[in-house]
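Undergrad:
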Amino acid sequence: SQQGEEDPQALSIQEGENATMNCSYKTSINNLQWYRQNSGRGLVHLILIRSNEREKHSGRLRVTLDTSKKSSSLLITASRAADTASYFCATASGGGADGLTFGKGTHLIIQP
Amino acid sequence: GAVVSQHPSWVICKSGTSVKIECRSLDFQATTMFWYRQFPKQSLMLMATSNEGSKATYEQGVEKDKFLINHASLTLSTLTVTSAHPEDSSFYICSARELVVYAGELFFGEGSRLTVL
Numbered sequence: 804s805q806q807g808e809e810d811p812q813a814l815s816i817q818e819g820e821n822a823t824m825n826c827s828y829k830t831s832i833n834n835l836q837w838y839r840q841n842s843g844r845g846l847v848h849l850i851l852i853r854s855n856e857r858e859k860h861s862g863r864l865r866v867t868l869d870t871s872k873k874s875s876s877l878l879i880t881a882s883r884a885a886d887t888a889s890y891f892c893a894t895a896s897g898g899g900a901d902g903l904t905f906g907k908g909t910h911l912i913i914q915p
Numbered sequence: 007g008a009v010v011s012q013h014p015s016w017v018i019c020k021s022g023t024s025v026k027i028e029c030r031s032l033d034f035q036a037t038t039m040f041w042y043r044q045f046p047k048q049s050l051m052l053m054a055t056s057n058e059g060s061k062a063t064y065e066q067g068v069e070k071d072k073f074l075i076n077h078a079s080l081t082l083s084t085l086t087v088t089s090a091h092p093e094d095s096s097f098y099i100c101s102a103r104e105l106v107v108y109a110g111e112l113f114f115g116e117g118s119r120l121t122v123l
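The listed protein sequences correspond, in order, to chains A and B.
Counting from 804, one number per residue, gives the positions in the first sequence under this note's numbering.
Counting from 7, one number per residue, gives the positions in the second sequence under this note's numbering.
1. Below 7 Å CB to CB, which residues in the same chain sit around residue 804 of chain A once its five sequence neighbours on both sides are set aside?
2. Comparing the C-beta of residue 49 of chain B with each C-beta of chain A, is any distance below 8 Å?
3. Taking Cβ-Cβ distances below 7 Å as the criterion, which residues of the stretch 866-893 of chain A are in contact with chain B?
4. If you reduce the DSSP assignment to three classes, tell me which class residue 62 of chain B lands in.
5. Give the secondary structure of residue 808 of chain A by DSSP, where H, G and I count as helix, E and B as strand, and everything else as coil.
6. Would you mind telling me which residues of chain A sit closer than 8 Å to residue 99 of chain B, beta carbon to beta carbon, in chain order?
7. What is the DSSP secondary structure of residue 2 of chain B, counted as helix, strand or coil?
8. Would you say the stretch 9-19 of chain B touches the stretch 876-894 of chain A, given that touching needs at least three Cβ pairs under 8 Å?
9. List in chain order: all unbroken beta strand (DSSP E) runs of 3+ residues lying wholly within the stretch 821-856 of chain A.
10. Can you name the residues that DSSP bridges to residue 865 of chain A?
11. What whole-angstrom Cβ distance do residue 813 of chain A and residue 910 of chain A have, given they're in contact under 8 Å?
12. 8 Å is my cut-off, CB to CB: does residue 772 of chain A come that close to chain B?
13. Does the Cβ-Cβ distance between residue 95 of chain B and residue 22 of chain B come in under 8 Å?
14. For residue 80 of chain B and residue 111 of chain B, I'd like the C-alpha separation in whole angstroms.
15. Using 8 Å as the threshold, is the stretch 21-39 of chain B in touch with the stretch 822-839 of chain A, meaning 3 or more CB pairs across them?
16. Can you check whether the CB of residue 91 of chain B is closer than 8 Å to the CB of residue 122 of chain B?
17. Hey, out of A:905, A:863, A:853 and A:819, whose CA is closest to residue 99 of chain B's CA?
18. Please tell me whether residue 117 of chain B has its Cβ less than 8 Å away from any Cβ of chain A.
19. Am I right that residue 903 of chain A and residue 893 of chain A are in contact with their C-beta atoms under 8 Å? What's the rounded C-beta distance?
20. For residue 817 of chain A, list the residues DSSP reports as bridge partners.
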């Protein structure tokens, strides 16, 4: 079953604006990760945040994690046309041997 | 980061035939490999987990006789879709994990698009 649920399902913004995507999950986790997928391609790992972390930055990306609300957000600042892709959150619950459980994803379109 | 290669990238086959997809870790030894399936505009669904030298563990609802997984070495796992039918058409993605050098990080292949006519 799907662990993560992203919202919005689709988001269209102008280049230069910030994009925020949210993810909720249901069970306890070890970490939460965000991935990007360009159309018809594999996944690109963006950032991992551990269950004992609340916020993490990587370049133009900012991820927050609220384990009490079982939710995470991904903020992309100063968006670019190349950021157009689908973004998925994925949770890991096991001790390292389990596969990731992916959310439904947010399709982000950056309009030039 | 490490590289995971999938082959073929895309395949078209007739209904009833079997199709094999390979997943290779190119510069590391993958202790565990995972196979995912993705329908158009949908998320990735974990199909099975395979560890080198042992039988794959399938997720609920995934037919193990339909989707044969072999993990014969630390760098290669194969997924065979047996007697494929149009409803098996999908995007199949593998990922590999190595626990020591890369501390358990998952690396994904580029995916294999299967179209069954």
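For each residue, glycine too, the CB sits at the ideal point set by N, CA and C.
TA: Let me lay it out:
1. Indexing the first sequence from 1 puts residue 804 of chain A at position 1. At residue 804 of chain A the pLDDT is 32, less than 50, meaning the model places this residue with poor confidence; the figure from the coordinates comes in the next sentence. Closer than 7 Å at Cβ, skipping near neighbours: no residue.
2. On the second sequence, residue 49 of chain B is found 43 positions in, with the first residue counted as 1. Closer than 8 Å: yes.
3. Answer in chain order: 891.
4. The residue given as residue 62 of chain B occupies position 56 in the second sequence. Three-state DSSP puts residue 62 of chain B in coil, outside helix and strand.
5. Your numbering for residue 808 of chain A matches position 5 in the first sequence. In the structure shown, residue 808 of chain A sits in a strand (DSSP, three-state: E or B).
6. Sequence index remark: in the second sequence, residue 99 of chain B carries index 93 (1-based). Simply 845 and 846.
7. Given that chain B is displayed from residue 7 to residue 123, the structure contains no residue 2 of chain B and the question cannot be resolved.
8. no
9. Taken in chain order, the complete beta strand (DSSP E) segments of 3 or more residues contained in the stretch 821-856 of chain A are 822-827, 834-840 and 846-853.
10. Taking the first residue of the first sequence as 1, we reach residue 865 of chain A at position 62. BP columns for residue 865 of chain A point to A:860 and A:878.
11. To locate residue 813 of chain A, count along the first sequence from 1; it is residue 10. To locate residue 910 of chain A, count along the first sequence from 1; it is residue 107. Yes, residue 813 of chain A and residue 910 of chain A are in contact; Cβ-Cβ is about 5 Å, under 8 Å.
12. In the structure as shown, chain A begins at 804 and stops at 915. Residue 772 of chain A is therefore absent and cannot be evaluated.
13. Against the second sequence, residue 95 of chain B aligns to sequence position 89. Against the second sequence, residue 22 of chain B aligns to sequence position 16. No, the Cβ-Cβ distance between residue 95 of chain B and residue 22 of chain B is not below 8 Å.
14. One-based indexing of the second sequence puts residue 80 of chain B at position 74. One-based indexing of the second sequence puts residue 111 of chain B at position 105. Cα-Cα distance, rounded: 16 Å.
15. no
16. Here the question's residue 122 of chain B lines up with position 116 in the second sequence. Here the question's residue 91 of chain B lines up with position 85 in the second sequence. Cβ distance < 8 Å, so residue 122 of chain B and residue 91 of chain B count as in contact.
17. The residue given as residue 99 of chain B occupies position 93 in the second sequence. Among A:905, A:863, A:853 and A:819, the Cα nearest to that of residue 99 of chain B is on A:905.
18. Position 111 of the second sequence, counted from the first residue, corresponds to residue 117 of chain B. Judged by the 8 Å Cβ criterion, residue 117 of chain B is in contact with chain A.
19. Walking along the first sequence from the start, residue 903 of chain A turns up at place 100. Walking along the first sequence from the start, residue 893 of chain A turns up at place 90. Between residue 893 of chain A and residue 903 of chain A the Cβ distance is about 4 Å, and since that is below 8 Å, they are a contact.
20. Residue numbering aside, residue 817 of chain A sits at position 14 when the first sequence is read from its first letter. DSSP output for residue 817 of chain A lists A:914 as bridge partner(s).
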